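Take 418 as the starting number for the sequence shown in our numbering and just add one per residue. I have placed the structure first, in the form of structure tokens, so that the comments after it can refer back to it.
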Amino acid sequence: MDQSETPLFTALRSYAELNAGYFRIPGHRFERGMPEAFRRFAGDGVFKLDVTETPLTDDLHNPETVIKRAQELAARAFGADKTFFLVNGSTCGIQTMIISTAREGEKILVSRNAHRSVMDGLILSGARPVYAVPETLDFPGIPGGMAPVTVERMLDIHPDCRGVFLVSPSYYGICCDLGAISKITWERQVPLLVDEAHGAHFYFHPDFPPGALTLGADCVVQSMHKVGNSLTQSSLLHLRTSLLNPDRVRQALRLTQSTSPSYILMASLDLARQDLALRGRDLLDRSLETSDWIRRGIAGIEGLSCVDRDVAGTHAVFALDRTRLVINFDRIKITGFQARQRLWEEYRIDVEMADQRNLVLNITFGNTPEEAQALVAALKDLSQKAGPSRDKGGFKAVFPELPPQAMTPRQAWLTTPEKVPWSEAKGRIAGEMAAPYPPGIPLIYPGEIITQEIWEYLEDCRTGNRHLNGPSDPRLTSFLVLPEGD
Ligand SMILES: Cc1ncc(COP(=O)(O)O)c(C=O)c1O
């Protein structure tokens with residue numbers, strides 16, 4: 418296949434050039450009906466792409482011409498059997514993976530640090546999650562990868578799992594040993610579903626870890642918009658399997674995607690795939706150069722350090738994405754949260770994520786040398802102003818036992834919660850999730866019982882002012898619980 422083709426974008430351009438009379442949806446009639454300020458800022462061209470299922474532009478939900486071809490080109494570029502364009506991000510791809518793998522009451526093995534969209538998928542499907550806990554890294558206090566032995570052990574205990582859902586690479590750029598894991602799942606004929614939202618670029622440069630499709634995953638979702646150069650919300654769902662039914666996946670996508678998918682997003686997927694396929698190596702050379710330059714700069718700053726390749730090669734960190742920078746602040750007198758705020762307020766530098774101990778930055782080929790220099794200079798300045806601290810890492814990621822499940826996520830969703838004082842939540846069924854940051858692995862999910870041990874762990878977070886994700890009352894004076902036997 419000729420990867421220089423862009424069938425969908427070309428069809429959209431041809432359609433615009435026809436200047437046809439247009440009496441369909443959307444109503445704006447391209448640039449002609451656009452609010453003036455929007456048009457002035459964005460220019461006219463982009464609005465001409467915002468059409469619908471015209472005679473030239475195919476139908477995402479029943480593709481026969483240009484979208485079909487564009488998806489085939491994407492499948493070939495990534496080494497998939499079949500690829501679906503997504504217009505609601507990897508969020509809808511993950512929901513689709515879950516609902517096309519496990520039905521009401523069926524088990525599915527899920528990594529405990531999975532993205533929240535897995536919970537949506539579990540609510541939609543009614544499946545019963547069996548959780549596997551990833552390794553954790555004391556330095557810098559983040560979740561590591563899932564060890565193959567953990568997957569093996571969990572599948573031995575729960576041989577009736579209908580699928581295994583893992584995240585690799587994680588938000589922090591940490592990859593699991595998917596090659597070893599896919600052997601385990603293949604032997605048991607259980608599909609391996611991988612959230613590769615942060616790893617679409619791996620396929621186009623040899624200095625990145627191999628992609629999940631290359632390593633034997635059956636179904637993989639990627640946010641092209643996170644690490645490639647497509648527009649926000651545009652993602653890909655790939656199949657390379659005999660263990661999942663592509664028709665069921667297609668039907669599931671009807672449940673999770675709009676009937677009016679954006680052609681701008683789909684065209685951007687078509688073009689981003691072409692760009693990576695034709696120029697990926699050069700583009701990613703630039704990403705690597707920039708991130709390596711920043712890493713070297715940070716190595717020269719007193720008190721700061723990056724998670725680097727020297728930690729790779731274990732179950733916790735099988736491999737690392739070098740373009741994902743995790744900068745640790747344990748040895749200077751500010752937290753990751755404060756560093757993010759100060760980088761923005763004092764230096765106008767905006768970073769992807771912060772936790773108590775770290776900043777996470779996403780470096781791509783779009784980043785300029787000037788941005789990189791400004792970042793390193795700002796970090797140096799921050800570190801000098803903040804001054805050294807005694808290593809405040811210290812936090813050991815010792816997790817309480819996973820709590821028993823009283824209800825599936827779907828049953829929990831369908832049950833009306835009540836708010837109780839936090840002191841009375843012990844022993845009750847949780848109505849909401851709580852995940853201390855770091856490392857961001859949920860201690861409790863809706864439908865699980867708040868055991869004494871979990872309550873005490875969360876109580877320590879509350880009294881220690883540790884950042885908690887999830888609770889509607891983040892100070893934990895109250896908590897949502899569910900009535901029993903509703
Ligand atoms: C690991 C992971 N998976 C999935 C998603 C959802 O992706 P999207 O934003 O494309 O819907 C995210 C978003 O941050 C993520 O970090």
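Glycine is no exception: its CB is placed at the ideal position from the N, C-alpha and C atoms. This structure is a prediction, so every number in the text was calculated from the model and none was measured.
Span of the beta strand (DSSP E), counted from its first residue to its last, around residue i
i: Phe502; result: Lys499 to Leu503
i: Phe896; result: Ser895 to Leu899
i: Cys593; result: Looking at the DSSP string, Cys593 is not in any beta strand (DSSP E), and its letter there is neither H nor E.
i: Gln869; result: That residue, Gln869, is in no beta strand (DSSP E); its alpha helix (DSSP H) goes Gln869 to Thr880.
i: Glu762; result: Unbroken run through Glu762 is the alpha helix (DSSP H), Gly753 to Tyr764; no beta strand (DSSP E).
i: Val734; result: Here Val734 belongs to no beta strand (DSSP E), and DSSP marks it neither H nor E.
i: Phe619; result: Premise fails: Phe619 is in no beta strand (DSSP E) and is neither H nor E.
i: Ala842; result: First-last for Ala842: undefined, no H or E at that position.
i: Gln639; result: Cys636 to Gln639
i: Gly462; result: That residue, Gly462, is in no beta strand (DSSP E); its alpha helix (DSSP H) goes Gly462 to Lys465.
i: Leu610; result: Leu609 to Asp612
i: Ala454; result: Element bounds for Ala454: not the beta strand (DSSP E) but the alpha helix (DSSP H), Glu453 to Ala459.
i: Leu653; result: Ser652 to Leu656
Alpha helix (DSSP H) segment containing residue i, residue limits
i: Tyr432; result: Pro424 to Leu435
i: Leu539; result: Ser534 to Ser542
i: Ser708; result: Tyr680 to Ala716
i: Leu661; result: Note, Leu661: premise wrong, no alpha helix (DSSP H); not H, not E.
i: Pro565; result: Pro565 to Ile574
i: Gly510; result: Gly506 to Ile516
i: Val483; result: Val483 to Phe495
Environment of residue i [buried if 16+ CB atoms lie within 10 Å]
i: Glu613; result: buried
i: Gln674; result: buried
i: Ala617; result: buried
i: Ile574; result: exposed
i: Met418; result: exposed
i: Ala454; result: exposed
i: Pro551; result: buried
i: Asn697; result: The residue you asked about is not Asn; residue 697 is Gly in the sequence shown. The residue in question, Gly697, is buried, as its Cβ has 16 or more Cβ neighbours within 10 Å.
i: Ser431; result: exposed
i: Phe440; result: exposed
i: Glu865; result: buried
i: Lys802; result: exposed
i: Thr785; result: exposed
i: Asn882; result: exposed
i: Val504; result: buried
i: Thr658; result: buried
Between the CA atoms of residue j and residue i - distance to the nearest angstrom
i: Cys878; j: Arg892; result: 10 angstroms
i: Phe464; j: Thr471; result: 15 angstroms
i: Trp710; j: Val768; result: 17 angstroms
i: Gly645; j: Glu876; result: 41 angstroms
i: Arg726; j: Asp692; result: 28 angstroms
i: Val734; j: Leu721; result: 20 angstroms
i: Asp624; j: Asp699; result: 12 angstroms
i: Ser840; j: Ser895; result: 8 angstroms
i: Asp903; j: Leu583; result: At Asp903, the pLDDT of 49 sits below 50, so the modelled position is not reliable and the matter cannot be decided from this model.
i: Arg605; j: Val581; result: 11 angstroms
i: Leu648; j: Tyr874; result: 40 angstroms
i: Leu656; j: Thr427; result: 26 angstroms
i: Gln790; j: Val743; result: 17 angstroms
i: Ile858; j: Glu763; result: 31 angstroms
i: Tyr862; j: Glu870; result: 15 angstroms
i: Ala736; j: Cys593; result: 7 angstroms
i: Thr707; j: Leu792; result: 11 angstroms
Proximity to residue i [Cα-Cα], best of the options
i: Gly506; options: Pro826, Ser679 and Thr781; result: Ser679
i: Ile442; options: Glu422, Leu466 and Phe495; result: Leu466
i: Thr833; options: Pro817, Leu897 and Gln869; result: Leu897
i: Ile511; options: Val468, Thr553, Leu672 and Met451; result: Leu672
i: Ser528; options: Leu539, Gly717, Glu521 and Ser659; result: Leu539
i: Leu429; options: Val483, Phe458, Tyr439 and Leu632; result: Val483
i: Asp747; options: Cys723, His884 and Tyr764; result: Cys723
i: Gly558; options: Gly887, Tyr620, Gly848 and Phe816; result: Phe816
i: Leu686; options: His732, Trp761 and Phe495; result: Phe495
i: His622; options: Lys843, Thr740, Arg570 and Glu434; result: Thr740
i: Leu799; options: Ile751, Pro608 and Gly522; result: Ile751
i: Met514; options: Thr880, Arg446, Val566 and Asp664; result: Asp664
i: Ala829; options: Ala842, Ala531, Gly804 and Met850; result: Met850
i: Ile766; options: Ala794, Arg713 and Asn775; result: Ala794
i: Lys906; options: Ala716, Ala433, Pro452 and His642; result: The displayed coordinates of the chain run from 418 to 903. Any statement about residue 906 would go beyond what the structure contains.
Strand pairing of residue i, partner residues [DSSP]
i: Thr785; result: For Thr785, which the question treats as bridged, DSSP gives no partner whatsoever.
i: Ala823; result: DSSP, once it has assigned bridges, lists no residue as partnering Ala823.
i: Glu835; result: Val898
i: Leu776; result: Ile744 and Ala771
i: Tyr439; result: In the DSSP output, where bridge partners are listed per residue, Tyr439 has none listed.
i: Lys524; result: Arg545 and Cys578
i: Ile559; result: Leu554
i: Ala927; result: In the structure as shown, the chain begins at 418 and stops at 903. Residue 927 is therefore absent and cannot be evaluated.
i: Ser421; result: According to DSSP, Ser421 bridges with nothing at all.
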